[in-house]
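Remarks on the structure that follows.
Residue numbers (the working numbering): -2 to 279.
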């Protein structure tokens, strides 16, 4: 059996959410084209990582009427005189409203769960979500943070046990778990899109305006808030991708440039995707 390959594209600086979404949509379309016409090239399983400017996105469980113009205006407003405002857009992923922005690592895997599977064997949607959580927990452990699952989606930390490297650290009286990573996925004919948002040094005030993911009474945290400071999005992205490769048994992870991915999906420029000439409008 040939070695399992993954490709990783990290978009530098701040990449508009619409640009990253359109690029992933075009990858999904290439997978779907191969399913329909097996003689066409099958794209390699791709991990797209990026950070967008501030933006609130809503999931499929919410209606547009839930956010009238007055509420959207509140969400769009700058935090203070030193910050820009936020965008607002619906997304095709599952779940409810969340925030993406500077200091957050967004991970968009595009893989085929079956027919044909990108990995050694077919994967169910439930196992795929569990995979994303496991990889994120492994990434946190790399930095000495104990992440875990709860009945609610995402990955959480408990401030009383947030440093694996120092089990004797004092408990924080009355502390409750806080979400450090949000998950929201979409499947189309078992091709994955959307993914994970992991807070690294995110300004957590953005989350004060919403009930993140619709979960009442729970806080949000970040690597920096948990004492892991000075880590860049690109650095954490490499750790996450390596953990993903280890979990799925990938022998090779190729770092690729955006031009190579555009060539794979038959698009000349990123601008063509955003203008609607290369994506599928997911």
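In this text, a Cβ means the ideal position worked out from N, Cα and C, and glycines have one as well.
Counting C-beta pairs with one atom in each stretch, the segment 112 to 130 and the segment 202 to 209 have fewer than three that are closer than 8 Å, which means they do not touch. In this structure, 177 is the residue among 112, 177, 126 with its C-alpha nearest to the C-alpha of residue 144. If you ignore the 5 residues before and after residue 2, its C-beta comes within less than 6 Å of the C-beta of 41, 249, all in its own chain and listed in chain order.
Under DSSP, residue 188 shares a beta bridge with 109, 185.
Here residue 175 carries a strand assignment [DSSP, helix/strand/coil].
Residue state for residue 104 is assigned as strand, using DSSP reduced to three classes. In the structure shown, residue 134 falls within a helical segment according to DSSP collapsed to helix, strand and coil. Of the other Cβ atoms in all chains shown, fewer than 16 fall within 10 Å of the Cβ of residue 36; this residue is therefore exposed. Scanning its chain for C-beta atoms nearer than 8 Å, with the 5 sequence neighbours on each side dropped, one finds around residue 82 the residues 51, 73, 74, 75, in chain order.
Leaving aside the five residues that flank residue 244 on each side, the residues in its chain whose CB is nearer than 7 Å to its CB run, in chain order, 128, 131, 132. Burial is judged here by how many other beta carbons sit within 10 angstroms of a residue's own beta carbon; residue 49 has at least 16 and is buried. Between the C-alpha atoms of residue 184 and residue 190 there is a straight-line separation of about 6 Å. Per the C-alpha coordinates, the member of 266, 253, 215, 102 positioned closest to residue 233 is 102. If you look at residue 153, you'll find it in the beta strand (DSSP E) that goes 152 to 154. In this structure, residue 180 sits near residue 193, with a CB-CB distance shorter than 8 Å.
In the displayed model, residue 23 falls within a helix according to three-state DSSP.
Per DSSP, the continuous beta strand (DSSP E) segment holding residue 87 begins and ends at 84 to 87. By the Cβ-count criterion, residue 34 is exposed, with fewer than 16 other Cβ atoms from all chains shown falling within 10 Å of its own Cβ.
Residue 77 places its beta carbon 8 Å or farther from that of residue 14.
When C-alpha distances from residue 106 are compared across 221, 115, 223, 138, the shortest belongs to 115. Out of 134, 100, 67, the CA that lies nearest to the CA of residue 236 is found in 134. Look at residue 225 here: in three-state DSSP terms it is coil, with no helix or strand label. With contacts defined as CB atoms closer than 8 Å, residue 238 and residue 31 fail to qualify as a contacting pair. For residue 38, the CB contacts under 8 Å within the same chain, skipping 5 residues up- and downstream, are 27, 31, 261 in chain order. In the DSSP annotation of this structure, the continuous segment of the beta strand (DSSP E) that includes residue 96 starts and ends at 95 to 97.
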